[in-house]
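Working notes for the structure below.
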Ligand code: COA
């Protein structure tokens, strides 16, 4: 239940025994343009070696001028629906930090462009934890019998908010979209989305922020600093929080599910930074080979990060049906969350870098 103390706590949720949300389609989509570390080092005071050593990132995909988050979301969503062999879902959720507009939400437009006008459609905003919050929202719609099927899309175009001259953020973030289709099923079947742990701590609002553009800025008289339009991050503090919050949330989820770290076949964390991911795995006592990593080829793609990592691992056969998979994420807010599921059998399709990555049960 909500926190009543000064200490932030997590909000645990349990699956219902009689009905569960089951993963039945997965897809990733990346804009074709690739920006390498070498390209960045031509315009920023940085080097490929520095970026690789500090973040593990080698390249990232960047949207073309004029390409908005909904364009990426539609591409991923279309492939996920095709993978699930579905033309219709009851609800569409888009989770993003870079919506097309501050009003209205991006999801209704995405739904209509997918031929889903009439479906419930709304956005979820939890920065890099968005996919886990979106997954909990989608699963809750299904277990509460509000919907029988949901399309959940994590999509972000960080290139539209990052200052291209800021070497501390421009090297980290990339653009992309990942989508899953969930259907009503049984809690015991593979693909059933299991236990969740969700949490937040708003006292850390300033650690990851875009200061301008919201009601706080518009209700304050005086000129806006042009820098406030850009994404700002206190890297060192974020690093520390990311490690401790993801590890703690992963542990909380294991406790809820009555599982041990040894029971986990794959840990799929939000792809923030390779050092962060390795430290989380180390902290949990999880062997490094069970860690799923694709940050080297896509960077930090925000809400798209986990579904893109899942699509990448699935097409590379890193994820096998029946494996116990633990998802964990941390993001601005501060927010964090984790989810446990058993991987379903999905037919083979294209890799996300091959402008696809669709898989279906
Ligand atoms: N290239 C070269 N040098 C850089 C640089 C870059 N791209 N960015 C920063 N530096 C410099 C700094 O200016 C500093 O120089 P100084 O020692 O002369 O002052 C030096 O490198 C060390 O900077 P520091 O900030 O201590 O580096 P770091 O090891 O903490 O790495 C981050 C910086 C941003 C990579 C790291 O803090 C990080 O990954 N944080 C978490 C980011 C994240 O994952 N965010 C998303 C969470 S959802």
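Numbering (my numbering), first residue to last: 176 to 536.
Ideal placement from N, C-alpha and C gives every residue a C-beta, glycine not left out.
Note that the structure is predicted; figures quoted are calculated from it, not measured.
- Only residues of its own chain outside the window of five on either side were considered, and among them 518 have a CB closer than 7 Å to the CB of residue 495, listed in chain order.
- Cβ neighbours of residue 407 within its own chain (closer than 6 Å, five residues either side excluded): 384.
- Around the beta carbon of residue 298, a 10 Å sphere encloses 16 or more other beta carbons of the protein chains shown; the residue is thus reported as buried.
- Comparing alpha-carbon positions, the option among 249, 378 and 304 lying closest to residue 275 turns out to be 249.
- In its chain, beyond the 5 residues on either side, 202, 203, 204, 328, 330, 352, 353 and 354 have a beta carbon closer than 7 Å to the beta carbon of residue 251.
- Assignment of beta strand (DSSP E) within the stretch 342-401, counting only whole runs of 3 or more residues, yields 350-360, 368-375 and 383-385 in chain order.
- DSSP places residue 209 in no alpha helix (DSSP H) but in the uninterrupted beta strand (DSSP E) bounded by 209-211.
- As the crow flies, the alpha-carbon of residue 228 is around 10 Å from that of residue 448.
- By a beta-carbon distance limit of 8 Å, residue 350 contacts residue 237. Their separation comes to about 5 Å.
- Under DSSP, residue 514 forms a beta bridge with 371 and 502.
- With 16 or more neighbouring CB atoms inside 10 Å of its own CB, residue 446 falls in the buried class.
- Rounded to whole angstroms, residue 257 and residue 326 show a C-alpha spacing of 11 Å.
- In this structure, residue 504 sits away from residue 272, with a CB-CB distance that is not shorter than 8 Å.
- When only Cα atoms are considered, residue 245 and residue 281 end up about 6 Å apart.
- Per the C-alpha coordinates, the member of 269, 320 and 294 positioned closest to residue 195 is 320.
- The bridge partners DSSP lists for residue 328 are 269 and 354.
- Taking 7 Å as the cut-off, the C-beta of residue 413 counts as close to a heavy atom of the ligand COA.
- According to the DSSP secondary-structure assignment, residue 408 is paired through a beta bridge with 383.
- Annotated three-state conformation of residue 445 is coil, per DSSP.
- Between residue 483 and residue 444, the C-beta spacing is not below 8 Å.
- For residue 288, the enclosing alpha helix (DSSP H) starts and ends at 282-288.
- Taking a contact as a CB-CB distance under 8 Å, the pair residue 423 and residue 197 does not count as one, their CB atoms being some 28 Å apart.
- Taking C-beta separations shorter than 6 Å and ignoring five residues to either side along the sequence, the partners of residue 420 in its chain run 505 and 511, following chain order.
- With a cut-off of 7 Å, the C-beta of residue 421 is classified as distant from the ligand COA, since no heavy atom of the ligand falls inside that distance.
- Between residue 346 and residue 213, the alpha-carbon positions lie close to 11 Å from each other.
- Secondary structure note for residue 249: its alpha helix (DSSP H) is the uninterrupted segment 244-258.
- Not one heavy atom of the ligand COA falls within 7 Å of the beta-carbon of residue 272.
- Taking the Cα of residue 261 as reference, the smallest distance to any Cα among 240, 334 and 291 is reached at 291.
- Here residue 299 carries a strand assignment [DSSP, helix/strand/coil].
- Annotated three-state conformation of residue 528 is helix, per DSSP.
- Among the bridge pairs identified by DSSP, residue 235 is matched with 210.
- Residue 295 and residue 216 have their alpha carbons spaced roughly 44 Å apart.
- Put simply, the backbone Cα of residue 415 is about 9 Å away from that of residue 451.
- Cβ atoms of residue 301 and residue 308 come within 8 Å of each other, at about 4 Å.
- Between residue 466 and residue 436, the gap from beta carbon to beta carbon reaches 8 Å or more.
- Under the DSSP definition of a beta bridge, residue 195 partners with 360.
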